[in-house]
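Undergrad:
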Amino acid sequence: MSPARSAPGCPPAADMVHATSSLLLLLSLALLAPGHSAKKCLLTGKWINDLGSNMTIGAVNNRGEFSGTYHTAVTATSNDIKESPLYGTQNNINKKTQPTFGFTVNWKFSESTTVFTGQCFIDRNGKEVLKTMWLLRSIVDDINDDWKATRVGINVFTRLRSVKE
Ligand SMILES: *[C@@H]1O[C@H](CO)[C@@H](O)[C@H](O)[C@H]1NC(C)=O
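Take the sequence shown: its letters are residues -38 to -1, 1 to 127, numbered as in mature numbering (1 follows the signal peptide of the UniProt record, and there is no 0).
#1: Going straight from the alpha carbon of ILE116 to that of ASN11, what length do you get?
#2: Going by the beta-carbon positions, is the gap between GLY30 and THR51 smaller than 8 angstroms?
#3: Mapping DSSP to helix, strand and coil, what is ASN54?
#4: Any chance the CB of LEU4 is under 7 angstroms from a heavy atom of ligand 1?
#5: Can you give me the Cβ contacts of TRP96 inside the same chain, cut-off strictly under 6 angstroms, excluding the 5 residues immediately before and after it?
#6: Taking all protein chains shown into account, decide if SER40 is buried (16 or more other Cβ within 10 angstroms of its Cβ) or exposed.
#7: Quick check on TRP69: does DSSP put it in helix, strand or coil?
#8: Using C-beta distances below 8 angstroms, list every residue in its chain close to GLU73, excluding the 5 sequence neighbours before and after it, in chain order.
#9: To the nearest angstrom, report how far apart PHE119 and LYS57 are at their CA atoms.
#10: Using DSSP with H/G/I as helix, E/B as strand and the rest coil, what is ASN106?
#11: Can we count SER100 as close to ligand 2, meaning its CB is less than 7 angstroms from some heavy atom?
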């Protein structure tokens, strides 16, 4: 009888449990920590704002340029709403994870132009949110009406999920 083989009791089992929990801890740190801190806010995709307007932004190229379409839920005119193109740029000079951007919407159903400027944030729940301000320029027939031709507002966009969660 060898003494080394006759004691498969408590100490080895406790070591196993310890080793297993250390391994799990390391694994969870490796999986969770970098993913959480490195998340980058991306403009590309479908968004909906607080008014129910939707926009789709295409790929952002390496100069920060992008284009897309805007489907507004509201209008300052009495015209039928049509989907309208947007063109913009994202500031990527320092490749920030929460970049600033701006874009222009060239309305296809009125003689008006809107410019948006904003920042792409990751909120406290890890969700992307676009905090924007806009200026809407409506056409006026007389230069004396210029003073009242521009509106200003705020919009908050979140990602539009096509599949219900
Ligand atoms: C925006 O998208 C939602 C969900 O698909 C849809 O119900 C709504 O009609 C859309 N609004 C506009 C203005 O396109």
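From the three backbone atoms N, C-alpha and C, an ideal C-beta is built for every residue, glycine too.
Given the structure is predicted, the values throughout are model-derived calculations rather than measurements.
TA: Reading it off the structure:
#1: Roughly 10 angstroms between the two C-alpha positions.
#2: Taking 8 angstroms as the Cβ cut-off, GLY30 and THR51 do not qualify as a contacting pair.
#3: Three-state DSSP puts ASN54 in coil, outside helix and strand.
#4: No, since every heavy atom of ligand 1 falls outside the 7 angstroms radius drawn around the Cβ of LEU4.
#5: So the qualifying residues of the chain are THR76, PHE78, GLY115.
#6: So SER40 ends up on the exposed side.
#7: Coil, per DSSP.
#8: Scanning its chain for C-beta atoms nearer than 8 angstroms, with the 5 sequence neighbours on each side dropped, one finds around GLU73 the residues SER100, ILE101, in chain order.
#9: As the crow flies, the alpha-carbon of PHE119 is around 21 angstroms from that of LYS57.
#10: The answer is helix: DSSP assigns ASN106 an H, G or I state.
#11: Among the ligands present in this structure, namely ligand 1, ligand 2 is not found.
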